[in-house]
Structures are given as structure tokens and as C-alpha cells.
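I have placed the structure first, in the form of C-alpha cells, so that the comments after it can refer back to it.
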Amino acid sequence: MTDYAKTGFSRVFLIDGGARPDHAPAYQGCMKAGGVSKSWGDLTSIECPSEVRYDGFVEVDTIKGAEERATMDLMGRYLADVASELLRIGNLGCGVDVQVHIGKCTDPTDFNTFTKALVLEGAYISDWSTDDLGAIESGERSPVNETGSISSKDLYEILRLVLTEVAASVVTNEVVDVTICDQVACGECDEDSSGCQHIYAITLQEGGSPGTPPDIVFTVNGSTWYADDIDSLGAAEDPSAIDCVGDYIVVVSNDSGSAHYALKSEVDAVIDETWTEIATGFVGAPNDCHRATGGRYLYIVGDGGYIYRTDDITAGVSVLDAGVATDQNLNRVFAFSDEFVVAVGENSAVVYTEDGLGWSAVGGPGAGLSLTAVAVQSETTWFVGTGTGYLYYTVDKAANWIAKGFPGSGAGVVHDIAFANDSVGYLAHATAKPAGRILRTYDGGYSWNILPEGAGTIPDNDRINRVAPCVYDANFVVGVGLSDLSADGIIVVGQD
């Protein structure tokens, strides 16, 4: 049954300074959200004279106008003995995240229980006003309300997710990594896409004699899945990570000590694509690779602290750091931009670059930890996960690390962390049982909740190795790993 939104079933939360692991959402007990407005820009016609009628003109093209910020009024009771929160934020001139939560049958003050949330990220108060503060006669007695007019950079909804297993008929071995290489397309170049439909995952090779090479498992429409051999890898060689750069899908392998690439267009066409191995530039065998959203360079990290990058995988990779910043094996890398990149590894190794070239070591969250996951939310705010099931964050570029608890933390393994935007992120965690889980945050990592929030449970599995959220839809994530009590793999999709 469809539920329709009613004004009495919404509540307002503010996150001062924006979503961050150390910024607690604050419930606003005497505040309401007004109507929200957003313009994506109107279309202006480009015309030419008609070829069939004088004084007639035909539209030959259009130009889209500028996108505008979302706007909303926040209205509350002006209190006689407590400072105004809206006035304080307006005077500071700092950003704030506004979340309007809609729900029923739960505690309205609980940030993590809702049926839908409307999020205005990066909001600023442009105007503030109150009702009349005084009365000149008895008939003018009334409560005094205050109003703050806000505008925000981003506007989107958060919905409860359901987890569904996909691609079961083509997945035969453990799935070790997944990436979404897509962008929104509205029919340009004969393609339509939500930006979340081109998904590529890699599996381990099939053991036995004779064995078979690892597979790339993929979809180009989000629903039909295919599997092809990565035949440049040997039958006894496993892949380690996958991403895209330029026109190519790139797979790196610690076993082969090299990279393997194929044209994305060939893979998407569901033909027998050509995979090519390239070892040029590699010294320490690679373990992980990552390219920033919209970035030019693919960064690769490996054994012995080696760090590489490439913008043309067909020419190989260039060594950026030959184990100088650290000689520890690097397990994971995250490119926040083409210039700012963080990598983590064994014995609490953490290294980073601010220019894409020179690398520096900083202290990790503790001695002797195996760092198994990393995500970078800004140049100062980073997350790392450990092989002992802990999650840590820093908001000062690793000068200090703080443990962040989540349901089940301190046991098992944190395999991955990835964010769709500033507020919504996903965490892959395996319990000691073992059992794989995906957790989700709506407040930049301040709190974490086990998926699914909607109906059902996560399909049985031993671990989720990687998660890939869609940057165009905070309510879409893909998780990959090892299915329950077997060598078979699993791919799950979370969506509303």
C-alpha cells in the first residue's frame, strides 16, 4: 500500500558543518520544514527560418539554462530563554546539512529510523526573520516564530534499501572486486543510462586440472548479466582489483605482477573481447587500483610500498614511489582527485600525496595493524578499516585517529568502505562467524546501520569483499564476495 506524505509525519535534523564522522545530527524539536523548490534550468530554443512558410521559424536545437540551488524555509518557535539555532548558523556563515525525515510508528527523534529522508547538503542560511516580537493590544497575543531561508548545493532523497542477489547463473567463483564505470546519458550517442548500469566485477580462477581463467562478470543495463574469461590471466592466476581508465577496463593481479586491459566498448558489446597483459613499469606486484570520479589517472599500489599511476594503460605504468615513503605492502588505495590520493597497507602503513607525484608517510591508527580498507571524504577526513574488524577516522589528515564503532565492530574484518556522496556511505564487514554484511551511513560516517533497512535479509554469504555505490544515486550499491559455505561467489544489489 502506498503511503502519502503528511505534514505531521516529518521531523527536522541539522548537521552543523555538514556530514562528518564527528558531527552529530541534532534533532530540532520545535522546527518544521517548509516547501522545497529546485530548478534545473529551463530550455531556450535555437530557431531557424522555416523552409515552408514565410515569417515562420522552427526549433533546431535548445540550450539548457543554469541549474539553481535548492531552496527551503525552516520555521520554528522563537524561544524566550534559549539562543536561536537558525540565527547562530546564519551569523557563523558556515554550511549546514538539513535532513527532513518522514516516518511513522518509530521514535521521531531517532535519526536512523525513517521511511524516507530529504537531504539538503551544503546549505546556507541567506535570510532570517521573526514574527512581530510584541503586542500593542490583547488581540495581538500570539507565539513568535522565526524563519530561516536556506539554499543548498545538493538535493536528494534517502530511501530504505532491499538487498537482492543477481547474476547467480553466471557467477561460479568468489567475486573479489567490483566497479561502476558509467555516467548519466539521456540518449546522447544512442545510449540511455541512469549512471548506475555499467557494472563490472571480477572472480577468482577455477581451481582443478585443468583450471579456467578468472571471469569478468558484467552488465550494461543493470539487469542482464554476462561472464567472459579474462584470458590474459593464467589458469592459476587470480585478479586483485578492477577499475576503468580512458577507454579501457583494467584488472591488476598480484599473482601475475602485471595489469590486464580490454576495451570497454568490446566488453559492453558482449563480444569475445581481447584482453592484453602489460607488465611495463611494474616492480612490486600490484594489489589494488583506483581512479577518482571524473579523474584522468589510475593509481595502483603494490608489494614493497610501490605506487604507480597511468593515464594510458596500453603504455604501462610509471613508478611514483619505489618503496621510499613505506616499504610495507600496500593493500588499498583511494584517489580523492587526480592530485590527492591516500594508500594504506600492512603494519599500519599510511601514505598520501597532495600533488599526485610526491608521497609522504603519516602515522596510522595503531601499531602493527593490517589496514584493509580506505575511503577519503576530503583532504582532511579519511576512513580506514582493519583486518581485526575496526573502523577508524581522522579529520586532521592523520594527525589523530579515532575509533568509530558500528554494530559488530572489533571482530571479523572490515573489507571495504565507499561513499556515494558526503552523507551516504557503505561498509563491507565480515563477522568472525563468518558472515558478510553491508552497513550504511546517512550522516557521513557518524553512525552505521546494517542493511537491508527494507524487507528481507542479506542473502547468505561468508563475506562481502567490496562495495560499489553509485555516485548518481545514493540509494544504489553493489556488493560482491563469497557465498555461504562454498567456493561460489555472490553479487548483491541494494536499491529502494
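Using the numbering used here, read the sequence shown as starting at 1 and increasing by one per residue. Every residue gets a Cβ at the ideal spot worked out from N, C-alpha and C, and that includes glycine. If you're wondering where the values come from, they're calculated on a predicted model, not measured in any experiment.
Is the beta carbon of Ile300 sitting closer than 9 Å to the one on Val333?
In contact: Ile300 and Val333 (Cβ atoms closer than 9 Å).
Separation of Glu67 from Gly34, as counted between CA atoms:
Rounded to whole angstroms, Gly34 to Glu67 spans 21 Å at the Cα level.
Which partner residues does His260 have in the DSSP bridge list?
Its beta-bridge partners are Val251 and Glu277.
Paired residues, beta bridge with Glu157 - DSSP:
According to the DSSP secondary-structure assignment, Glu157 is paired through a beta bridge with Leu118.
Measuring alpha carbon to alpha carbon, tell me which residue in Val251, Phe13 and Ala168 is nearest Tyr200.
Residue Val251 is the option with its Cα nearest to Tyr200.
Alpha-carbon to alpha-carbon, Asp215 and Gly489:
Between Gly489 and Asp215, the C-alpha separation is close to 11 Å.
Using the Cα positions of Ala399 and Thr381, report the straight-line distance between them to the nearest angstrom.
Those two C-alpha atoms are separated by around 11 Å.
Which residue from Gly246, Ser256 and Asn329 puts its Cα closest to that of Arg291?
Among Gly246, Ser256 and Asn329, the Cα nearest to that of Arg291 is on Gly246.
Rounded C-alpha distance that separates Ile313 from Ser253
A straight-line Cα-Cα distance of about 14 Å links Ile313 and Ser253.
For the region 189-230, which segments carrying the beta strand (DSSP E) assignment without a break, of at least 3 residues, lie completely within its bounds, in sequence order?
Uninterrupted beta strand (DSSP E) stretches at least 3 residues long and entirely within the region 189-230 occur at 192-194, 199-203, 215-219 and 226-229, given in chain order.
For Cys289, write down the residues that DSSP places opposite it in a beta bridge.
Answer is Ile300, bridged to Cys289.
Those runs of the beta strand (DSSP E) which lie wholly inside the region 433-495 and span at least 3 residues:
Whole beta strand (DSSP E) segments, 3+ residues: 436-441, 461-470, 473-483 and 489-495.
Residue interval of the beta strand (DSSP E) (run including Gly35)
For Gly35, the enclosing beta strand (DSSP E) has its first and last residue at Met31 to Ser37.
Comparing alpha-carbon positions, which option in Ala435, Pro434 and Asp416 lies nearest Tyr426?
Taking each of Ala435, Pro434 and Asp416 in turn and checking the Cα distance to Tyr426, the smallest one comes out for Asp416.
Can you give the beta carbon distance from Leu371 to Gly345, rounded, assuming they're within the 8 Å contact cut?
Cβ-Cβ separation between Leu371 and Gly345: approximately 6 Å, consistent with a contact (criterion under 8 Å).
Classification of Cys244 by the beta-carbon crowding that lies within 10 angstroms, buried from 16 upward
Within a 10 Å sphere around the beta-carbon of Cys244 sit 16 or more other beta-carbons, which makes this residue buried.
Would you identify the three-state DSSP class for Thr113, choosing helix, strand or coil?
DSSP places Thr113 in coil when its eight states are reduced to three.
By the DSSP assignment, the alpha helix (DSSP H) with Leu86 in it spans what residues?
That run of the alpha helix (DSSP H) goes Glu85 to Leu92.
Straight-line gap, Gly305 to Gly444 (C-alpha atoms, nearest Å):
Answer to the nearest angstrom: the Cα atoms are 30 Å apart.
Determine the closest residue to Gly295 out of Asp311, Ile307, Gly302 and Gly284, with distance taken between C-alpha atoms.
Gly295 has its Cα closest to that of Asp311, out of Asp311, Ile307, Gly302 and Gly284.
Taking Cβ positions, are Asp177 and Ser194 nearer each other than 9 Å?
Not a contact, by the Cβ cut-off of 9 Å.
Tell me whether Thr431 sits in a helix, a strand or coil according to DSSP, three-state version.
It is coil, neither helix nor strand.
What is the DSSP secondary structure of Gly345, counted as helix, strand or coil?
DSSP places Gly345 within a strand segment (E or B) once states are collapsed to three.
Work out the CA separation of His101 and Ala24 for me, nearest whole Å.
Each residue's CA atom was taken as its position, placing Ala24 and His101 some 15 Å apart.
Taking the alpha-carbon positions, what's the Ile180 to Gly76 distance?
Rounded to the nearest angstrom, the gap between the Cα atoms of Ile180 and Gly76 is 42 Å.
Quick one: Cα of Tyr461 to Cα of Ile438, how far?
Per the sequence shown, residue 461 should be read as Asn rather than Tyr. The straight-line gap from Cα to Cα measures roughly 11 Å.
Near Thr2, what residues of its chain come up, given a Cβ to Cβ distance below 8 Å and the 5 sequence neighbours on each side ignored?
Around Thr2: no qualifying Cβ.
For Tyr442 and Tyr27, the rounded distance between their alpha carbons
Approximately 14 Å, taken between the alpha carbons.
Touch check for the region 103-112 and the region 128-148: three-plus C-beta pairs under 8 Å?
With a cut-off of 8 Å, the region 128-148 and the region 103-112 do not count as touching, because too few Cβ pairs lie within range.
Mind reading off the beta-carbon distance from Ala428 to Val467? Whole number of angstroms is fine, and I expect it under 8 Å.
Sure, about 5 Å apart at Cβ, within 8 Å.
Determine whether the Cβ of Gly405 lies closer than 9 Å to any Cβ atom of chain C.
Of the chains in the structure shown, none is chain C; there is only one protein chain.
DSSP three-state assignment for Val376, whether helix, strand or coil
Three-state result, Val376: strand.
If we count the other Cβ atoms within 10 Å of its Cβ and call it buried at 16 or more, is Asn91 buried or exposed?
When all chains shown are included, Asn91 counts as exposed.
Please report the distance separating the alpha-carbon of Leu298 from that of Pro434.
So the alpha carbons of these two residues sit roughly 33 Å apart.
For Ala285, which residues of its own chain have a beta-carbon under 6 Å away from its beta-carbon, when the five flanking residues on both sides are left out?
The residues are Asn254, Gly257, Gly302 and Asp303.
Assign Trp40 to one of two classes, buried (16 or more other C-beta atoms within 10 Å of its C-beta) or exposed (fewer than that).
Counting of Cβ neighbours within 10 angstroms places Trp40 among the exposed residues, the total staying below 16.
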